[in-house]
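S.K.:
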Amino acid sequence: MITPPASHLLSKVVTQKNRNLIFSIRFTGVPIGGVLAGIFAPQLALEFGWQQSMLFSVAVAAALCLAMQPFRSQWDSDRSSNVTLLRNPLADLKLVWRLTSLRWVALYGMCMGAVQTTLTTYTVTMLVEDIGYSLVLAGLGLSVIQFSSIFGRVTWGWVADKINNGRLALMAIALIATICAVITITLSPQWPPVLVFSLCFVFGIAGMGWNGVYASEIVRLSPKSDVSKTTGASFFITFSGVFIGPLLFSAGYSIVGAYNITFFLTITIALLAMFFIIKSRAVITRTPK
Numbered sequence: 001m002i003t004p005p006a007s008h009l010l011s012k013v014v015t016q017k018n019r020n021l022i023f024s025i026r027f028t029g030v031p032i033g034g035v036l037a038g039i040f041a042p043q044l045a046l047e048f049g050w051q052q053s054m055l056f057s058v059a060v061a062a063a064l065c066l067a068m069q070p071f072r073s074q075w076d077s078d079r080s081s082n083v084t085l086l087r088n089p090l091a092d093l094k095l096v097w098r099l100t101s102l103r104w105v106a107l108y109g110m111c112m113g114a115v116q117t118t119l120t121t122y123t124v125t126m127l128v129e130d131i132g133y134s135l136v137l138a139g140l141g142l143s144v145i146q147f148s149s150i151f152g153r154v155t156w157g158w159v160a161d162k163i164n165n166g167r168l169a170l171m172a173i174a175l176i177a178t179i180c181a182v183i184t185i186t187l188s189p190q191w192p193p194v195l196v197f198s199l200c201f202v203f204g205i206a207g208m209g210w211n212g213v214y215a216s217e218i219v220r221l222s223p224k225s226d227v228s229k230t231t232g233a234s235f236f237i238t239f240s241g242v243f244i245g246p247l248l249f250s251a252g253y254s255i256v257g258a259y260n261i262t263f264f265l266t267i268t269i270a271l272l273a274m275f276f277i278i279k280s281r282a283v284i285t286r287t288p289k
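Encoded structure:
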């Protein structure tokens, strides 16, 4: 389920004590789905052909839709019949920008989106070109990052609920991502693989583990009736970072000529994320329930 309606539905059932963990568990669906697709899709493609294997995804989506139908009237109990499809597409962005604390959190998401996409886009290339790994070994490094992101998302959600402070958890995530990026600059062929993969594991926990706590903070800071609107607008800002991050990294590489050294841009972006989340702590838009 896409994020805005999912956040709207979850906001009805979560409590202050479990909000971050529940949202973090929800965001493990993306990496887990990627793992399952990696396991089953090649086998289905070999057995039936890649075109026919796509029908499996259609069947899963259709089954999910049918399974949700008995609950739809309950979930949609607050649906407004006055809403029209034709509306100002910038209205929700204006709402996020007007809620000062939420604005800073959304900008944090933009930066961490850039960090995450840069990490997943260039890790394999960096390990092959700068460290001399084979494609298989470099791919293992990316797999470690993806696996640790599942662990990281649940862990950060639990931590945020335990300390009852999602923004402090987001600050710690950005700090760890900064440290990992600094260490990445020092990577060389002399590093033993166990240390390289350990770095990948920790970097995945931070660089890809922020999503659930971030979405939870958006819900906490949003007016209850506008959760889906603010979530959609905030993730629009987030995905602008997803788009811009790799472009900046590519431009940086063209200047310095080494992928690991180019991670100085990741350091800058992660530090900027820390700045934004610190700024958000100065304003409370809505008292958490």
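With our numbering applied, the sequence shown has no gaps in its numbers, which climb one by one up to 289 at the end.
In this text, a Cβ means the ideal position worked out from N, Cα and C, and glycines have one as well.
#1: Can you find the residues in the same chain that come closer than 6 Å, C-beta to C-beta, to Thr287, ignoring five residues on each side of it along the sequence?
#2: Which full runs of the alpha helix (DSSP H) of 4+ residues lie inside the region 10 to 76, going along the chain?
#3: Could you check what DSSP says for Trp290 in three-state terms: helix, strand or coil?
#4: Which complete alpha helix (DSSP H) runs does the region 78 to 136 hold, if anything under 4 residues is left out?
#5: With a CB to CB cut of under 7 Å and the five nearest residues on each side skipped, what residues in its chain are close to Pro5?
#6: What did DSSP end up calling Thr285 once you bin it into helix, strand or coil?
#7: If you check the beta carbons only, do Leu44 and Ser53 fall under 8 Å apart?
#8: With DSSP collapsed to three states, give me the class of Thr266.
#9: Just mark Trp104 as buried or exposed, buried being the case when its beta carbon has 16 or more other beta carbons within 10 Å.
#10: Assuming the contact rule is C-beta atoms closer than 8 Å, Gly325 and Gly113 should be a hit. Round their C-beta distance to whole Å, please.
#11: Return the residue from the list Val30, Lys94 and Tyr133 that minimises the CA-CA distance to Ser290.
#12: Look up Ala258 in the DSSP assignment and say whether it is helix, strand or coil.
#13: What number of angstroms, rounded off, separates the C-alpha of Val213 from the C-alpha of Arg153?
#14: Along the chain, where does the alpha helix (DSSP H) containing Met171 start, and where does it finish?
#15: Pull up the distance between the alpha-carbon of Thr186 and that of Ala62, whole angstroms please.
#16: Return the chain-ordered list of same chain residues with a C-beta closer than 6 Å to the C-beta of Phe201, the five sequence neighbours on each side being excluded.
#17: Is Val128 near Ile267, with beta carbons less than 8 Å apart?
M.R.: Judging by the given coordinates:
#1: Unreliable positioning characterises Thr287 in this predicted model, as indicated by a pLDDT of 43, which lies under 50. The coordinate reading is nonetheless provided below. Excluding sequence neighbours, Thr287 sits near nothing in its chain.
#2: Annotation: the region 10 to 76 contains the following complete segments of the alpha helix (DSSP H) (minimum length 4 residues), in chain order: 19 to 26, 29 to 48, 50 to 68 and 72 to 75.
#3: Missing from the structure shown is residue 290; the chain here goes from 1 to 289 and no further.
#4: Runs found: 91 to 98 and 100 to 129.
#5: If we look at Pro5 and ignore the five residues flanking it on each side, its Cβ neighbours are Ser228.
#6: Reliability of the predicted coordinates at Thr285 is poor, the pLDDT of 42 falling under 50, and the value obtained from them is presented with this limitation in mind. Looking at Thr285 - three-state DSSP - the assignment turns out to be coil, as it is neither helix nor strand.
#7: Yes. Within cutoff.
#8: Helix.
#9: Counting Cβ neighbours within 10 Å, Trp104 comes out buried, since at least 16 surround it.
#10: Nothing about residue 325 can be read from this structure; the chain reaches only from 1 to 289.
#11: The question about residue 290 has no answer here: the residues shown for the chain are numbered 1 through 289.
#12: Coil.
#13: Their Cα atoms are separated by approximately 8 Å.
#14: Boundaries of the alpha helix (DSSP H) around Met171: Gly166 to Ile185.
#15: Rounded to the nearest whole angstrom, the C-alpha separation of Thr186 and Ala62 is 48 Å.
#16: Val144 and Ser148, listed in sequence order.
#17: No, Cβ-Cβ distance for Val128 and Ile267 is not below 8 Å.
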